[in-house]
Each structure stands twice: as C-alpha cells, then as structure tokens.
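Shown next, in structure tokens, is the structure this report addresses.
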Amino acid sequence: MLTLSRISRSYGDTVALDGVDFVVPDDTYMSLLGASGSGKTTLLRLIAGFEEPDHGEISIHQTRIDGQAPHLRDIGFVFQNFALFPHLSVADNVAFGLRYRANKALNNDTEIKDRTQEALVLVGLDGFGHRGVSAISGGQRQRVALARTLVCEPRIVLLDEPLGALDANLRARMCDELRAIRQRLGVSFLHVTGSETEALTMGDEVAVLANGRITQSDTPDTLFSQPRTAEAARHMNAWNTFDGTLCDGMSVKGEIAVRFDQMDVSAQGRAPKDHLRVHAQYLTGEFNGPTALSFFRAADGTLLQIIDHLSQPRLPDLIEGQHYDLHFPSNALRQFHGAV
Ligand code: ADP
Ligand code: MG
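What follows is the structure, encoded as structure tokens:
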C-alpha cells in the first residue's frame with residue numbers, strides 16, 4: 001500500500017499540490033483523473049523521488065520513502081512521451097535498466113536476456129527484440145516503455161498519461177492490455193490521465209485531483225453515480241454543475257449537480273409543477289449517431305447540456321436562440337455539503 005499524507009509542493013507562487021491525502025492499495029489499478037496543470041506529473045515525480053515534497057509524508061507499507069534516492073524506492077515510471085533510446089534496439093532498451101541501474105544492476109548476460117525476453121512476452125512484443133525503436137509503431141513503443149519499467153520488477157508502476165500519444169483505436173486496445181498485464185503481475189498501477197473515459201474504464205478505483213488535493217477516491221461506478229464534491233462532478237461530462245439559485249420551484253443553495261440524462265426540456269412555463277426548473281437559452285446541438293447533445297446557456301452564463309438517446313427521444317424540436325425551461329425531479333439533484 002502506497003500512502004501519501006498531507007503532501008504539498010509549490011513552485012514559486014504556483015501551488016501544485018496543497019495537502020494531498022491519497023492511498024493506492026496493493027494489487028489495484030488506480031486511475032488519477034485531473035485537468036492539465038492540476039499537478040498529476042508533480043505527484044508522480046514526488047512518489048518516484050525525482051523531487052521532494054515541501055511538506056507531508058510518502059510511505060510504502062508504513063515505511064517512509066520520501067527523502068530516499070529514487071533508485072532505492074523500487075518504483076517504475078512510464079513517462080508521458082515514452083523517452084526511449086532511439087539508437088538502441090527494442091531488447092537493449094528493455095535491458096538497459098537491468099544492466100545500468102544504480103541499485104541491483106545485473107551483469108550476467110543470460111539472466112539479462114531471459115528477463116528481457118520475459119518482459120517482451122508480457123507486453124506482447126515477443127519477436128520484436130532485434131528491431132530498432134524507430135522501426136516500430138507508436139503502440140509498440142509504448143509497450144517497450146512499459147516492458148523497460150516492468151523488467152525491473154517495481155513495487156508499483158506510475159504511468160504518466162500513457163495513452164495520450166496513441167490514436168483512438170490503439171488506445172482502446174492498450175487499455176485492455178494494460179489492465180491484463182497488471183492483473184498478471186499483481187503489482188499496483190497508478191495511471192494519471194486527463195481523460196474521464198480513460199480513468200473510469202481503466203481504474204479499479206478512480207481518484208480525482210483538483211485544487212491541489214484528492215477530492216474523491218472511489219470505485220468508478222460510485223464516483224460516476226455519486227460524486228461527493230462539486231469538483232468531482234465537474235470532472236465528469238455527464239454532470240451539469242451549477243449554482244442552486246438558478247433553480248425555480250424550490251430554494252436551493254450552493255453548488256448543485258444534475259446528470260445530463262435526467263434533465264428534460266419544455267417550452268417556458270410548461271414544465272411539470274413538481275419539477276425544479278432552470279431557464280436557459282438553446283445554443284446548439286451535436287448529433288453523435290446513437291445520442292444527441294443539446295447545449296444551453298443559463299442566466300449566469302453557465303453552460304448546460306442534455307443528452308437524448310436515439311431509442312428514447314425526449315426533447316422537443318429546439319430553435320437556436322430560443323429560451324426554454326430545463327426541468328428535473330428533485331431526486332435528480334445532488335447537493336454538496338462543505339464543497340471544495
Ligand atoms: P499536470 O501533469 O497535471 O498537467 P503538473 O504537475 O505538470 O500538472 O504541473 C502542476 C503545476 O505546477 C502547473 O501549474 C505547472 O506549471 C507547475 N509546475 C510543474 N513543474 C514545475 C517546475 N519544475 N517549475 C515551475 N512550475 C512547475
Ligand atoms: Mg503532466
């Protein structure tokens with residue numbers, strides 16, 4: 001178990017992390033979801049030991065690791081841009097760490113070869129060892145980067161936006177494979193990403209990093225259906241978050257959230273009386289095949305979206321620029337207490 005307690009890190013006036021409490025359990029695929037600039041890479045660098053926190057503690061199995069040299073921590077790091085050695089073959093890239101690492105370096109060629117081969121098989125690159133890394137695809141380079149990390153048998157693997165550089169098809173396939181590889185190894189993966197879909201698909205658990213803290217860490221299902229903070233809800237496209245005072249029909253204070261499939265649209269003044277209402281102007285629609293999204297702007301400028309499914313169309317014909325009542329039953333409402 002990896003534990004971060006009250007971790008803070010600033011760069012000059014920029015507060016990157018502001019008291020992070022975070023637990024990555026053993027044998028778990030943990031996703032960390034955060035916007036660009038939210039401190040994801042900083043968090044990984046602190047865990048790996050490339051930097052030290054200003055405050056707080058980092059432990060693995062109750063043993064402090066902050067302050068330890070990176071090579072003594074047994075932590076694997078897959079960098080955002082893979083960072084392979086371009087002049088080395090696939091196998092030599094993978095073997096590099098075993099041969100030259102500062103701690104527990106190997107010099108027995110047979111052992112190095114065997115372990116390299118094992119790692120290549122694990123990531124599905126059996127038979128590619130002799131290739132140059134410039135002669136393989138982006139997805140294969142990603143696997144080399146992963147193999148190079150796994151060959152050293154780290155206690156935990158940190159992956160910094162590992163799928164960002166891949167095209168959509170490949171990304172979906174790598175998602176499945178990363179999960180399968182992790183399961184075979186039984187080692188925890190901490191995968192940071194700015195993509196909600198990626199975080200929810202990959203993670204056994206998903207943590208949301210916002211305002212320098214972990215605002216919620218839960219199973220994907222719980223996070224998605226029951227965001228506990230406005231910040232968590234804001235990281236999920238399906239939730240409209242807005243100020244409660246925009247609602248007619250009930251006095252609601254503070255920031256609230258309603259899922260985009262639980263809101264309906266009617267002409268002004270025609271919403272069911274027992275529903276809460278938000279007046280908004282229809283901006284435009286986006287047709288995605290099986291679903292269609294309609295975008296509205298509320299009086300205070302907040303953007304709201306409603307989804308319609310092909311099989312159960314609910315929305316009336318909408319005219320751009322026209323004002324409507326968006327409405328929903330009170331049980332669709334999520335209110336946040338002591339929100340961030
Ligand atoms: P993310 O990986 O989520 O995009 P980062 O951890 O890279 O975010 O950055 C978090 C914040 O810290 C950003 O505002 C970034 O500009 C700042 N930051 C990160 N590293 C440095 C650094 N070495 N020097 C100055 N500012 C930095
Ligand atoms: Mg980053």
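Per full-length UniProt numbering, the very first residue in the sequence shown carries number 1; after that it's consecutive.
Cβ coordinates follow ideal geometry from the N, Cα and C atoms, glycine included.
Classification of residue i by the beta-carbon crowding that lies within 10 angstroms, buried from 16 upward
{"i": "Asp-55", "result": "The identity of residue 55 in the sequence shown is His, whereas the question assumes Asp. That one is exposed."}
{"i": "Asn-93", "result": "buried"}
{"i": "residue 341", "result": "Missing from the structure shown is residue 341; the chain here goes from 1 to 340 and no further."}
{"i": "Asp-26", "result": "exposed"}
{"i": "His-337", "result": "exposed"}
{"i": "Thr-14", "result": "exposed"}
{"i": "Glu-231", "result": "buried"}
{"i": "Thr-63", "result": "exposed"}
{"i": "Arg-277", "result": "buried"}
{"i": "Ala-233", "result": "buried"}
{"i": "Arg-228", "result": "buried"}
{"i": "Ser-188", "result": "buried"}
Whole-number beta carbon distance between residue j and residue i, since they are thought to touch under 8 angstroms
{"i": "Cys-175", "j": "Thr-193", "result": "With 8 angstroms as the limit, Cys-175 and Thr-193 do not qualify as a contact, their Cβ atoms being about 10 angstroms apart."}
{"i": "Ala-119", "j": "Leu-150", "result": "5 angstroms"}
{"i": "Leu-44", "j": "Leu-185", "result": "Contact flag wrong, Cβ pair sits at about 19 angstroms."}
{"i": "Asp-264", "j": "Arg-334", "result": "Not really, about 17 angstroms apart at Cβ, beyond 8 angstroms."}
{"i": "Leu-4", "j": "Ile-58", "result": "5 angstroms"}
{"i": "Val-208", "j": "Gly-34", "result": "7 angstroms"}
Check whether residue i and residue j have beta carbons under 8 angstroms apart
{"i": "Val-121", "j": "Leu-146", "result": "no"}
{"i": "Leu-32", "j": "Leu-190", "result": "yes"}
{"i": "Ile-256", "j": "Arg-155", "result": "no"}
{"i": "Asp-160", "j": "Tyr-29", "result": "no"}
{"i": "Phe-82", "j": "Gln-140", "result": "no"}
{"i": "His-235", "j": "Glu-196", "result": "yes"}
{"i": "Arg-9", "j": "Leu-17", "result": "yes"}
{"i": "Phe-96", "j": "Arg-148", "result": "yes"}
{"i": "Thr-302", "j": "Phe-242", "result": "yes"}
{"i": "Thr-116", "j": "Gly-129", "result": "yes"}
{"i": "Ala-299", "j": "Leu-246", "result": "yes"}
{"i": "Gly-249", "j": "His-275", "result": "yes"}
From the options, residue whose alpha carbon lies closest to that of residue i
{"i": "Gln-281", "options": "Glu-57, Leu-318, Ser-251 and Gln-262", "result": "Leu-318"}
{"i": "Trp-239", "options": "Thr-245, Val-258, Gly-249 and Leu-333", "result": "Val-258"}
{"i": "Arg-6", "options": "Ile-181, Leu-46 and Ile-307", "result": "Leu-46"}
{"i": "Ser-266", "options": "Gln-322, Thr-291, Arg-182 and Leu-310", "result": "Gln-322"}
{"i": "Thr-284", "options": "Glu-52, Ala-271 and Ile-307", "result": "Ile-307"}
{"i": "Leu-125", "options": "Val-90, Cys-152 and Asp-114", "result": "Val-90"}
{"i": "Gln-268", "options": "Asp-325, Val-133 and Gln-262", "result": "Asp-325"}
{"i": "Gly-67", "options": "Gly-49, Gln-80 and Lys-104", "result": "Gly-49"}
{"i": "Tyr-100", "options": "Gly-132, His-71 and Pro-290", "result": "His-71"}
{"i": "Glu-320", "options": "Leu-310, Thr-291 and Glu-286", "result": "Glu-286"}
{"i": "Ser-311", "options": "Pro-290, Leu-304 and Gln-305", "result": "Pro-290"}
{"i": "Pro-37", "options": "Arg-73, Tyr-11 and Glu-52", "result": "One detail in the question is off: residue 37 reads as Gly in this sequence, not Pro. Measuring from the Cα of Gly-37, the nearest candidate turns out to be Tyr-11."}
{"i": "Asn-237", "options": "Leu-304, Val-144 and Ala-102", "result": "Leu-304"}
{"i": "Ala-102", "options": "Cys-152, Phe-79 and Arg-131", "result": "Cys-152"}
{"i": "Gln-80", "options": "Ala-233, Pro-316, Ala-105 and Gly-138", "result": "Gly-138"}
{"i": "Gln-262", "options": "Gly-244, His-309, Thr-229 and Gly-132", "result": "His-309"}
{"i": "residue 365", "options": "Arg-228, Pro-316 and Gly-244", "result": "Missing from the structure shown is residue 365; the chain here goes from 1 to 340 and no further."}
How about the region 288-307 and the region 202-217: do they share at least three Cβ pairs that are nearer than 8 angstroms? The region 288-307 vs the region 202-217: no contact.
Indicate whether the contact test is met: 3 or more Cβ pairs, each with one atom in the region 163-170 and one in the region 84-93, closer than 8 angstroms. The region 163-170, when compared against the region 84-93, does not touch it at the 8 angstroms Cβ threshold.
Could you check whether the region 220-233 touches the region 318-333, counting it as contact only if at least three pairs of C-beta atoms, one from each stretch, sit closer than 8 angstroms? In this structure the region 220-233 does not touch the region 318-333; the number of beta carbon pairs closer than 8 angstroms is below three.
Does the region 197-213 come within contact of the region 8-27, defined as at least 3 CB pairs closer than 8 angstroms? Yes: the two stretches touch, three or more of their Cβ pairs being nearer than 8 angstroms.
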